[in-house]
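*Asks:* Here it is: the structure, laid out below.
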Ligand code: BGC
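Residue numbers (my numbering): 94 to 896.
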């Protein structure tokens, strides 16, 4: 029977399951902290990966051969034992029951004789592995399955299909287990070298079973397939007890390739950590159950080249044990993986610390864009929605993230609850629902459904992203509106759990011990922050309605936002106009979201300044407010204080991490204490890296005045304590460049590039004059007035004369 998918692809292949893979879900027992209680590796119920084969004949003169595949599980495909394509962890992760990606490979070159074998490995992956916070398994189903079809196009328009059906046979493989989080156990002595070859014969083959599983959810893989991004050689190696440690010089998400020269049956264990303990020794920073990040390889004694296939880890250091002497490791390299995206941002300046920070941000972005945007690559690998919304502008500067997020937003539309709620994690798997007992959404997390399309629209000038998601946005706001109309105080969103200004340092970190009690920041900020985000989402929705021409709706949301603002002020601002808060983050949000009247805003800003000063110019903002701190300081003319915060090297601060050797962005500012003590947290969490966007906009000075940078505002903060900075952003219209250099105490040279079809505006305050060489024009400022120079597409050189 021919079946059609949404993608208009016709599927001749049938879903086939592997009955031997069937198992019931385990729900690990939870400890008090919501993590899985300790379970030793042997009791983890880890499942093997299977190998499958189908023999076929290709007769005639072949023009083209294309293989279509997807799976319930992670697969790797081969023709006659040769790996097909360079994608990793196919079919990737998505909201599987709504959207399961299939891959198409051009395999023409591999079909060069008559008899062939189409082979596959198939492992648990996200479908059945121990994923998420507590390591629950079988989150999408209880059995592995695959669907494929090979299209053979011969000369003379003759087409043949080799399809998945009950003629496909399978058996267990050398992978005794293969879990995405725990790791792999590969016994190379069991490797059946001929399994994927035509002449292979065995009595132990089992037949796959045809199934009627859905195909309506099958969608073609978009261009962001997961691939190896970088191959990294170790920068240092040393012995520790009986093992060898390799340092790859950077925290990454991925795997490694190792060539071993060991005896048959020698057992080699490879463990991961992102950071060493204070004594400089190997000790895993992620210690929770089911997060072993450990692979085991049993050597065959010949050609032992191993590269994990069904797992990825977060690490910088590897500990290899089971080696008799160092030379048994002939070669090793780390392979970072990421969903493929063009890099669209470049930044560097005269302060290496800022350059390192931008690189670290980009590194954490790549490590956490693996099919879906994740919080971290080791502990959870989960699509936490709050992390994404705050980081999205920075992500847009660094890479072309449009189709990556477009896919994820389509999953979001599927997973939005009937009542409009948007999940805190997407895909929202049962394992998390179990821990969060009924909590589905949270302020600042669910708002991703408005903020992310808004950010993408502004970045790429694609109105479709607003139209496609508009209904979802409205349903989210109307969900909140239904909550607040039942609440004791109308338009105040409280009474339910919210993550609040997550990881606000002063309320969640113990600066003496480095320990973090994450929930404390939720409790401390969950009263005020939800209404702030309700207001913010509403105010974005007004703009979106105006763009889409929905005038009536725009006026509805502006009335609604007026009511929220009033309720907010009634409740959270006292009779003297003072915001009832002691936290920087809440002040930042109230000011940035424009929730206060003029007088209260002045008071709030003065308070924010004093909070910062009392905190030795160190930030104290959580996930939801951190992105706006520097903007608020600049908008209120406090550049001097702003630079003290940005260039601060004491924790909490961005440069504290850099000073302490960070190569990524940490989950907690104190993840490494000044004395070297390490908290058991993630060292690869992009959320606090949202400052990257501010650096591009204000130090490189590249801003948009119209969506897509059709009109660019160049406005670097020349008063920043730097000698020079260079910025490039590859926009939908082409490359925008802004480079500047302080030539001496009186002069600055600037170089700009504006792509075709775009225009620019160069703005600068407090200077004497500006010469634009290309047009030979000189602009003089009268009485400290701002100089604004409109520019058309082209390249420019400017010289500024300072006062
Ligand atoms: C994740 C975060 C996430 C948070 C929810 C954590 O476990 O790693 O990044 O946003 O939970 O507040």
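Cβ coordinates follow ideal geometry from the N, Cα and C atoms, glycine included. Note that the structure is predicted; figures quoted are calculated from it, not measured.
Mind checking residue 381: buried by the 16 CB within 10 Å criterion, or exposed?
*Replies:* Counting from one through the chain shown, the residue named residue 381 turns up at place 288. Buried, because 16 or more other Cβ atoms sit within 10 Å of the Cβ of residue 381.
*Asks:* So residue 599 is in the alpha helix (DSSP H); what residue range does that whole segment cover?
*Replies:* Position 506 of the chain shown, counting from 1, holds the residue named residue 599. Element bounds for residue 599: 598-601.
*Asks:* Exposed or buried, residue 356, counting other C-beta atoms within 10 Å across all chains shown (16 or more means buried)?
*Replies:* Position 263 of the chain shown, counted from the first residue, corresponds to residue 356. Exposed: under 16 other Cβ atoms inside 10 Å.
*Asks:* The alpha helix (DSSP H) that contains residue 615, what's its start and end?
*Replies:* Position 522 of the chain shown holds residue 615. Per DSSP, residue 615 belongs to the alpha helix (DSSP H) from 611-618.
*Asks:* I'd like the span of the beta strand (DSSP E) that includes residue 159, first residue to last.
*Replies:* For this step, residue 159 is matched to residue 66 along the chain shown. Segment 155-165, the beta strand (DSSP E) holding residue 159.
*Asks:* Hey, which unbroken runs of the beta strand (DSSP E) at 3 residues or more fall wholly within the stretch 237-288?
*Replies:* Counting whole runs of 3 or more residues, the stretch 237-288 contains the beta strand (DSSP E) stretches 238-247, 252-256, 262-265, 268-272, 276-280.
*Asks:* Would residue 453 and residue 714 qualify as a contact pair, given that the criterion is a beta-carbon distance under 7 angstroms?
*Replies:* Along the chain shown, one-based indexing puts residue 453 at 360. Along the chain shown, one-based indexing puts residue 714 at 621. In this structure, residue 714 does not lie closer than 7 angstroms to residue 453 by Cβ.
*Asks:* Could I get the ranges of all uninterrupted beta strand (DSSP E) runs contained in the stretch 428-471, with 3 residues as the minimum, in chain order?
*Replies:* The stretch 428-471 contains these whole beta strand (DSSP E) runs: 438-442.
*Asks:* Relative to the ligand BGC, is the shortest distance from any of its heavy atoms to the C-beta of residue 592 smaller than 6 angstroms?
*Replies:* Residue 592 sits at position 499 when you count from the first residue of the chain shown. Residue 592: yes, Cβ under 6 angstroms from the ligand BGC.
*Asks:* Distance, Cα to Cα, residue 796 vs residue 386?
*Replies:* Taking the first residue of the chain shown as 1, we reach residue 796 at position 703. Taking the first residue of the chain shown as 1, we reach residue 386 at position 293. Roughly 41 angstroms separates the two Cα atoms.
*Asks:* Once you ignore the five residues that flank residue 599 on each side, which residues in its own chain have a CB closer than 7 angstroms to its CB?
*Replies:* Here residue 599 refers to the residue found at position 506 when the chain shown is read from its first residue. The answer, listed in chain order, is 713.
*Asks:* Under 8 angstroms: do the stretch 756-774 and the stretch 604-613 share three or more Cβ pairs, one atom per stretch?
*Replies:* In short, these stretches touch, since the Cβ pair count reaches three.
*Asks:* Taking three-plus beta-carbon pairs below 8 angstroms as touching, is the stretch 304-312 in contact with the stretch 177-194?
*Replies:* Cβ pair count under 8 angstroms is three or more, so yes.
*Asks:* Just checking residue 539 against the ligand BGC - is the residue's beta carbon closer than 6 angstroms to any of the ligand's heavy atoms?
*Replies:* As a working note, residue 539 is residue 446 in the chain shown. Incorrect: residue 539 has no Cβ contact closer than 6 angstroms to the ligand BGC.
*Asks:* Closest to residue 782 by CA distance: which of 831, 748, 753, 292 is it?
*Replies:* Here residue 782 is taken as the residue at index 689 of the chain shown, counted from 1. Selected option, being the one with the closest Cα: 748.
*Asks:* Considering only heavy atoms of the ligand BGC, does any lie closer than 6 angstroms to the CB of residue 477?
*Replies:* Counting from one through the chain shown, the residue named residue 477 turns up at place 384. Yes, the Cβ of residue 477 comes within 6 angstroms of a heavy atom of the ligand BGC.
*Asks:* Report the start-end ranges of each alpha helix (DSSP H) in the stretch 768-819 that is 4 residues or longer and not cut off at the edges.
*Replies:* The qualifying runs are 784-791.
*Asks:* Applying the 10 Å Cβ sphere with the 16-neighbour rule, what's the burial state of residue 305?
*Replies:* Within the chain shown, residue 305 is the residue found at index 212, counting from 1. Under this definition residue 305 is an exposed residue.
*Asks:* Exposed or buried, residue 248, counting other C-beta atoms within 10 Å across all chains shown (16 or more means buried)?
*Replies:* For the purposes of this step, residue 248 is taken as the residue at position 155 of the chain shown. Exposed is the call here.
*Asks:* Please go through the stretch 676-746 and give each complete beta strand (DSSP E) segment of 3 or more residues, from N-terminal end onward.
*Replies:* None, since the stretch 676-746 contains no complete beta strand (DSSP E) of that length.
*Asks:* Does the Cβ of residue 542 have 16 or more other Cβ atoms within 10 Å, making it buried, or fewer, making it exposed?
*Replies:* Position 449 of the chain shown, counted from the first residue, corresponds to residue 542. With 16 or more other Cβ atoms within 10 Å, it is buried.
*Asks:* DSSP beta-bridge partners for residue 212?
*Replies:* Translated into the one-based positions of the chain shown, residue 212 becomes position 119. Its beta-bridge partners are 146, 171.
*Asks:* Kindly examine the ligand BGC and report whether one of its heavy atoms sits closer than 6 angstroms to the Cβ of residue 817.
*Replies:* Working through the chain shown from its first residue, we reach residue 817 at position 724. Flag unset: Cβ of residue 817 not near the ligand BGC.
*Asks:* Please specify which runs of the alpha helix (DSSP H), each continuous and at least 4 residues long, are wholly inside the stretch 462-531, giving them in chain order.
*Replies:* Runs of the alpha helix (DSSP H) inside the stretch 462-531: 478-491, 495-508, 523-528.
*Asks:* Is residue 173 near the ligand BGC, in the sense that its beta carbon is under 6 angstroms from a heavy atom of that ligand?
*Replies:* For this step, residue 173 is matched to residue 80 along the chain shown. No.
*Asks:* Secondary structure at residue 883, three-state DSSP: helix, strand or coil?
*Replies:* If you number the chain shown from 1, residue 883 lands on position 790. Three-state result, residue 883: strand.
*Asks:* So for residue 303, helix, strand or coil by DSSP?
*Replies:* On the chain shown, residue 303 is found 210 positions in, with the first residue counted as 1. Three-state result, residue 303: strand.
*Asks:* Would you call residue 879 buried or exposed, if buried means 16 or more other Cβ atoms sit within 10 Å of its Cβ?
*Replies:* By one-based count along the chain shown, residue 879 stands at place 786. Exposed.
*Asks:* Compare the beta carbon distance of residue 263 and residue 141 with 7 angstroms and say whether it is the shorter of the two.
*Replies:* Counting from one through the chain shown, the residue named residue 263 turns up at place 170. Counting from one through the chain shown, the residue named residue 141 turns up at place 48. It is not a contact, given that the beta carbons lie outside the stated cut-off.
*Asks:* Does the ligand BGC have a heavy atom nearer than 6 angstroms to the CB of residue 595?
*Replies:* Taking the first residue of the chain shown as position 1, residue 595 is located at position 502. Indeed, a heavy atom of the ligand BGC lies less than 6 angstroms from the Cβ.
*Asks:* Would you say the beta carbon of residue 217 comes nearer than 6 angstroms to a heavy atom of the ligand BGC?
*Replies:* Against the chain shown, residue 217 aligns to sequence position 124. Answer for residue 217: no, Cβ out of range of the ligand BGC.
*Asks:* Would you mind working out which of 451, 367, 401 sits nearest residue 352, comparing C-alpha positions?
*Replies:* In the chain shown, counting from the first residue as 1, residue 352 sits at position 259. Among 451, 367, 401, the Cα nearest to that of residue 352 belongs to 401.
*Asks:* Using CA coordinates, which residue listed in 866, 750, 730, 816 is at the minimum distance from residue 859?
*Replies:* As a working mapping, residue 859 is identified with position 766 in the chain shown. For the residues 866, 750, 730, 816, the minimum Cα distance to residue 859 belongs to 730.
*Asks:* Helix, strand or coil, according to DSSP, for residue 421 in the structure here?
*Replies:* By 1-based counting over the chain shown, the position of residue 421 is 328. Three-state result, residue 421: helix.
*Asks:* Which term fits residue 562, buried or exposed, when burial requires 16 or more other beta carbons within 10 angstroms of its beta carbon?
*Replies:* What you label residue 562 is simply residue 469 of the chain shown in a count that begins at 1. That one is buried.
*Asks:* Quick one: what does DSSP say residue 933 is sitting in, helix, strand or coil?
*Replies:* There is no way to answer for residue 933, as the model of the chain reaches only from 94 to 896.
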